[in-house]
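Visitor: Just dropping this structure here.
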Amino acid sequence: MSLLLRRPPGREAYPGDVFYLHSRLLERAAKMNESLGGGSLTALPVIETQAGDVSAYIPTNVISITDGQIFLETELFYKGVRPAINVGLSVSRVGSAAQTKAMKQVAAFAQFGSDLDASTQQLLNRGVRLTELLKQGQYVPMAIEEQVLR
């Protein structure tokens, strides 16, 4: 890439100023003309990873500039999960502050399902059913009654 642009190579043969280029591009997406009302514009960069490697140069570069990322995974898509968001690799600006300490403890404890009381197991099973409900086909509408019964 650097040779094509006639610039000195940086990491992984990308131009040395690729971080600057990305940040400039994303900042430019938000410049609104004050005479036309100003305001802001949200940029949503889309990055393709090679074999799901978010630690490669370009993904980490863009992740460091933005407030978070939504990581979509092909395997989840093929399993019928839509949107195919990998919640483990997706990050938000608020981070884990969105979860209470109790929620984190229950999530960690839930791995040992046999030690859970009946009401907690019922809630976890409901979560599994709701996840299955979200796997609804694109052109397969579901009646409200059926959604409630599930």
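Sequential numbering of the sequence shown, starting at 1, is according to the UniProt record's numbering.
Cβ atoms here follow ideal geometry from the backbone N, Cα and C, with glycine treated the same way.
Straight-line CA distance for N125 to S55?
Guide: C-alpha separation (whole angstroms): 34 Å.
Visitor: Ignore the nearest five residues each way along the sequence and tell me which others in Y57's own chain have a CB closer than 7 Å to its CB.
Guide: So the list reads R11, E12 and Y14, once near-sequence residues are dropped.
Visitor: In whole angstroms, what is the alpha-carbon distance linking residue 155 and T66?
Guide: Any answer about residue 155 is impossible in this case: the structure gives the chain only from 1 up to 150.
Visitor: Put P15 into one of helix, strand or coil per three-state DSSP.
Guide: Here P15 sits in strand by DSSP.
Visitor: Which class does V91 belong to by DSSP, given the choice of helix, strand or coil?
Guide: Three-state DSSP puts V91 in a strand.
Visitor: Does F71 pass the burial test, meaning 16 or more other C-beta atoms within 10 Å, or should it be called exposed?
Guide: That one is buried.
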